Amino acid sequence: MVNWAQVFVNSGITGSLYLIGAVGLTLTYGLSKFPNFAHAEFITLGAFFGYIVAEPLGLGLPPSLVVAFLATGLVGLLCYRVIFQPLSKKGATIIHLMVASIALGLVLRYSIGAIWGWEPLYFKTSWPSFDIGMIRITGLWIWLIFVAITLAIIMHLILVHTKIGKAIRATNSNPELALASGINIDRVILVTWFIGAGLAAVAGIFRAANTQIWPMTGWDIILPIFAVAILGGIGNFYGSIVAAFIIGLAENLGVVALMALGLSTSYRIAIAFIILILTLIIRPEGLAMLFRRS
Amino acid sequence: MDPLVYVLDFIVLVGIFSIFSLSLNIEFGFAGLANFGKVAFVLIGAYTYTLLSNINVPFYVCLIAGATASAIIGFLVSLPTLKLREDYLAIVVLAFGEILKVIVKSEDWIAGGVWGIPVYPAISVTGSSARLDMVINIALVYFCLFISFFLLQLLANSPYGRVMRAIREDEVAAEALGKNRAKYRAQVFALGSAIAGLGGGLYAQYLQFIDPYMFAPMLTFTIWIMVLLGGPGNNWGALLGAGLVQLFDRGANIVKDYLTLPIDPSNLQYIIYGILIILVLLYRPQGLLKESQVKTKAMESIFNGRGFAKNRRG
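So the protein lines, in turn, are chains B and E. The first sequence begins at 98 in the working numbering and counts up one residue at a time. The second sequence begins at 1498 in the working numbering and counts up one residue at a time.
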């Protein structure tokens, strides 16, 4: 007997995680015009920063989110400034930029491995769990959903009402026009990389607190996050909200189906892959068209 | 360990990795396709070889079947992305490699799941020594390498090779000249995958064992380093890159055994790889050897006629 209410709640939780993880990827992808594969390592790095603040220092979840956001954001900004900006200025092709991001990912992943080792670590904090009707939910998951909703509202307000948000949207849709209108594109992209890497860190903490933390933490969830970015339409924040919940739902329904068929649940990553392929065949621009103003 | 066997082992691995780097070079160097899932096609070749050789199919049939299976699957995987930008292909094949690894890990009946499975060597002589086995492997691997290299050199200097480069340089212009971008891309991707599959079969029979962990994404990026370092668009560069990276690998292994460093050398090795790629991309994106110029009869006669062939071709 499948507890459907629980499946839907779990979908919301999975979707929240993917949303937080994918916003940074989709925004930097849209602005810098290449997929940053090192986004996985930003997630991992953030998880480790968060772990240090939350566990050995014992400060708890909220400070660890803030510290990891700022520290990883700074790393992301530096990476862009030192590697990707010079490459773009030298006229590197999109393939060169992608390869450079993979190389950066290697450097970060194995540096993390050298510093903290490859043995999985665990957050020791135990979260209280609540039963609401047929649904069981833990304190961590409530935090995750709360952070995802807050993020969606704050990002919306930033994108619509602030100068930097308008600049991000303008640069995303037409960089030449944005430049001609006096927008400092370089600064806009730097700010976006800061925010993007910072949000990746937040996703990393939640993923790590829910499972384990090791140098592949980010790589473990990078596939659904890419699927969210592409299904949502690259660079489109609103599209990625919808896409994150579609993929969260599909994965959780998929796990139910896999168990019913007696297959290994490690195939759940194949579900995001199938959605990715279907998106590319049917609608390569993703859901972005749904959110364009007429 | 017998020092001669050590050297011979190095020569075999350089040969196998040269086949891998040639297969990426045709895709990335010549046609501008970013195959971030090369390992998937090596895996297909290796597993096809293993499954067929375990039911006593002759080794050359196994190798050809591995290459064919790789080519067909490569063609199918590249289909949804052929008309899109290069980054979509990269993401799709990278994801495909991960999925394939999950499949061979979870399905024990395919080839032992996570525990792997022994593989028979292609040619086994009864009562032979380790040295003789190595020599046989060198003959087999370098025969395949020679054929692949020869074919790819012919292709690179043919009208087909010129179209590949034209599409890489300017898709719109190539389309305007009536060259179907998607068709060429699919063909090149299938060819590259076939060569990778051939290499995968050779790799499996040489190591005489396969398991899913051998086919980690790291293998893909090792091949990328070889091509980027050697010089994309130059088949000699692909060979040079494979040799250099294998040499570095050996060096790292020796360091692991004899030196104590503050950083674990197995981590340090990949950190150095990553930094090396970034530096190459920043300061020498053309690699060590420059892209080989197309050789045609007409070009040769022009250069010879004017008498500065050597200077211009450099």
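Ideal placement from N, C-alpha and C gives every residue a C-beta, glycine not left out. Being a predicted model, the structure only gives us computed values, none of them experimental.
message = Using DSSP's beta-bridge definition, name the partner residues of Ser226/B.
response = Residue numbering aside, residue 226/B sits at position 129 when the first sequence is read from its first letter. DSSP lists Thr235/B as partners of Ser226/B.
ask   = When the Cα of Ile286/B is compared with those of Gly127/B, Phe334/B, Trp215/B, Trp213/B, which residue comes out closest?
value = Here residue 286/B is taken as the residue at index 189 of the first sequence, counted from 1. Selection Gly127/B, Phe334/B, Trp215/B, Trp213/B evaluated against Ile286/B yields Gly127/B as nearest (Cα-Cα).
query = Just checking, does the stretch 1682 to 1694 of chain E make contact with the stretch 1721 to 1738 of chain E on the three C-beta pairs under 8 Å criterion?
reply = Output reads no: the stretch 1721 to 1738 of chain E does not touch the stretch 1682 to 1694 of chain E.
7 Å Cβ cut-off: residues of chain E touching Gly210/B = Here residue 210/B refers to the residue found at position 113 when the first sequence is read from its first residue. Asn1764, listed in chain order.
message = Just to confirm my understanding: we take Lys260/B, look at its own chain, exclude 5 residues before and 5 after, and list those with CB closer than 8 Å. What are they?
response = The residue labelled residue 260/B in the question sits at position 163 within the first sequence. Excluding residues within five positions, none has a Cβ falling inside 8 Å.
message = Counting only C-beta atoms, is Val1589/E closer than 8 Å to chain B at any point?
response = Looking up residue 1589/E in the second sequence gives position 92. Yes, Val1589/E counts as interfacial toward chain B.
task = Could you work out which residues of chain E lie near Phe370/B, taking near to mean beta carbons separated by less than 9 Å?
result = The sequence position of residue 370/B within the first sequence is 273, counting from 1. For Phe370/B, the C-beta contacts it makes with chain E under 9 Å involve Val1589, Ala1592, Phe1593, Glu1595, Ile1596, in order along the chain.
message = Within 8 Å of any Cβ in chain B, is that where the Cβ of Gly1811/E sits?
response = Looking up residue 1811/E in the second sequence gives position 314. Its pLDDT being 39, under 50, Gly1811/E is placed unreliably by the model, and nothing is read from it.
message = If contacts are defined as beta-carbon pairs under 8 Å, then Ile322/B and Tyr115/B qualify, I think. What distance do you get, rounded to the angstrom?
response = Numbered from 1 along the first sequence, position 225 holds the residue referred to as residue 322/B. Numbered from 1 along the first sequence, position 18 holds the residue referred to as residue 115/B. With 8 Å as the limit, Ile322/B and Tyr115/B qualify as a contact, their Cβ atoms being about 6 Å apart.
inquiry  = DSSP three-state label for Ile1817/E, please.
reply    = In the structure as shown, chain E starts at 1498 and stops at 1811, and residue 1817/E therefore has no counterpart that could be examined.
ask   = If you run the structure through DSSP and keep just helix, strand and coil, what is Leu360/B?
value = The count along the first sequence starts at 1 and reaches residue 360/B at position 263. The answer is coil: DSSP assigns Leu360/B none of H, G, I, E or B.
inquiry  = Quick check: what's the CA-CA separation for Asp283/B versus Trp290/B?
reply    = To locate residue 283/B, count along the first sequence from 1; it is residue 186. To locate residue 290/B, count along the first sequence from 1; it is residue 193. If you take the alpha carbons of Asp283/B and Trp290/B, they lie about 11 Å apart.
key: Under 8 Å by beta carbon: chain B residues contacting Tyr1585/E   = Working through the second sequence from its first residue, we reach residue 1585/E at position 88. Result: Ile327, Leu377, Pro381.
message = For the pair the stretch 1615 to 1635 of chain E and the stretch 1571 to 1578 of chain E, tell me if three or more CB-CB distances fall below 8 Å.
response = Segments in contact, no.
message = Would you say Gly1529/E lies against chain B (beta-carbon separation less than 8 Å)?
response = By 1-based counting over the second sequence, the position of residue 1529/E is 32. Closer than 8 Å: yes.
task = Determine which residues share a DSSP beta bridge with Pro1500/E and list them.
result = For the purposes of this step, residue 1500/E is identified with residue 3 of the second sequence, where counting begins at 1. Note: Pro1500/E sits in no beta bridge, so no partner.
ask   = Under 8 Å between C-beta atoms, does Leu1521/E make it to chain B?
value = Looking up residue 1521/E in the second sequence gives position 24. No, Leu1521/E does not count as interfacial toward chain B.
query = Hey, quick one: how far does the alpha helix (DSSP H) through Trp101/B stretch, first residue to last?
reply = Sequence index remark: in the first sequence, residue 101/B carries index 4 (1-based). DSSP places Trp101/B in the uninterrupted alpha helix (DSSP H) bounded by 101 to 129.
request  = In angstroms with no decimal places, state the Cα-to-Cα distance between Lys187/B and Arg1781/E.
outcome  = Your numbering for residue 187/B matches position 90 in the first sequence. Your numbering for residue 1781/E matches position 284 in the second sequence. Each residue's Cα considered, the two are about 11 Å apart.
ask   = If you measure from the beta carbon of Tyr1710/E to each beta carbon in chain B, is any gap under 8 Å?
value = Here residue 1710/E corresponds to residue number 213 of the second sequence, with the count starting at 1. No - not a single Cβ of chain B is within 8 Å of the one on Tyr1710/E.
message = Using a Cβ-Cβ distance cut-off of 8 Å, determine whether Ala367/B contacts chain E.
response = Along the first sequence, one-based indexing puts residue 367/B at 270. Interface residue, yes.
Three-way DSSP call (helix, strand, coil) for Val1615/E in this model = As a first step, residue 1615/E is located in the second sequence; it is residue number 118 there, counting from the start. Residue identity check: residue 1615/E is Pro in the sequence provided, not Val. DSSP places Pro1615/E in strand when its eight states are reduced to three.
Cβ shell of Gly1658/E (< 7 Å), same chain only, five flanking positions each side left out = The residue you call residue 1658/E lines up with position 161 of the second sequence. Answer for Gly1658/E: Phe1527, Leu1652, Val1791, listed in chain order.
Chain-ordered chain B contacts of Phe1718/E [CB-CB under 7 Å] = The residue you call residue 1718/E lines up with position 221 of the second sequence. Those within 7 Å of Phe1718/E in chain B are Ile199, Leu203.
request  = From the DSSP output, read off the bridge partner residues of Leu218/B.
outcome  = Indexing the first sequence from 1 puts residue 218/B at position 121. Its beta-bridge partners are Ile310/B.
ask   = What do you reckon, are the CB atoms on Gly1728/E and Glu1788/E nearer than 8 Å?
value = Along the second sequence, one-based indexing puts residue 1728/E at 231. Along the second sequence, one-based indexing puts residue 1788/E at 291. The answer is yes: Cβ separation under 8 Å.
key: Complete runs of the alpha helix (DSSP H) confined to the stretch 1711 to 1783 of chain E [at least 4 residues]   = Unbroken alpha helix (DSSP H) runs of no fewer than 4 residues, entirely contained in the stretch 1711 to 1783 of chain E, are found at 1714 to 1727, 1732 to 1755, 1762 to 1780, following chain order.
key: Other residues of its chain near Phe146/B: CB distance less than 7 Å, five sequence neighbours each side excluded   = The residue given as residue 146/B occupies position 49 in the first sequence. These residues qualify, in order along the chain: Val164, Ala165, Ala168, Thr169, Ala298.
Element boundaries [alpha helix (DSSP H), containing Gln1650/E] = Here residue 1650/E refers to the residue found at position 153 when the second sequence is read from its first residue. Note, Gln1650/E: alpha helix (DSSP H), 1627 to 1653.
ask   = Mind pulling the chain E residues with CB within less than 7 Å of His193/B?
value = Taking the first residue of the first sequence as 1, we reach residue 193/B at position 96. Correct list: Leu1778, Pro1782.
query = Quick one: Cα of Gly214/B to Cα of Leu1779/E, how far?
reply = Counted from its first residue, the first sequence places residue 214/B at position 117. Counted from its first residue, the second sequence places residue 1779/E at position 282. One C-alpha to the other measures close to 30 Å.
inquiry  = Can you find the residues in the same chain that come closer than 6 Å, C-beta to C-beta, to Ala324/B, ignoring five residues on each side of it along the sequence?
reply    = Taking the first sequence and counting its residues from 1, the one referred to as residue 324/B is at position 227. Only residues of its own chain outside the window of five on either side were considered, and among them Ile344, Ala369, Ile372, Leu373 have a CB closer than 6 Å to the CB of Ala324/B, listed in chain order.
request  = Whole angstroms is fine: what's the gap from Leu205/B's alpha carbon to Ile1768/E's?
outcome  = Looking up residue 205/B in the first sequence gives position 108. Looking up residue 1768/E in the second sequence gives position 271. Rounded to whole angstroms, Leu205/B to Ile1768/E spans 8 Å at the Cα level.
request  = Within 10 angstroms of the Cβ of Val150/B, are there 16 or more other Cβ atoms? Answer buried if so, exposed if not.
outcome  = The residue given as residue 150/B occupies position 53 in the first sequence. Around the CB of Val150/B, 16 or more other CB atoms lie within 10 Å, so the residue is classed as buried.
key: Option nearest Tyr1617/E by Cα separation, candidates Trp1721/E, Thr1717/E, Asn1634/E   = By 1-based counting over the second sequence, the position of residue 1617/E is 120. For Tyr1617/E, the nearest C-alpha among the options comes from Asn1634/E.
message = Give me the residue from Pro183/B, Tyr364/B, Ala326/B with the minimum Cα distance to Pro381/B.
response = Against the first sequence, residue 381/B aligns to sequence position 284. Here the closest residue by C-alpha is Ala326/B.
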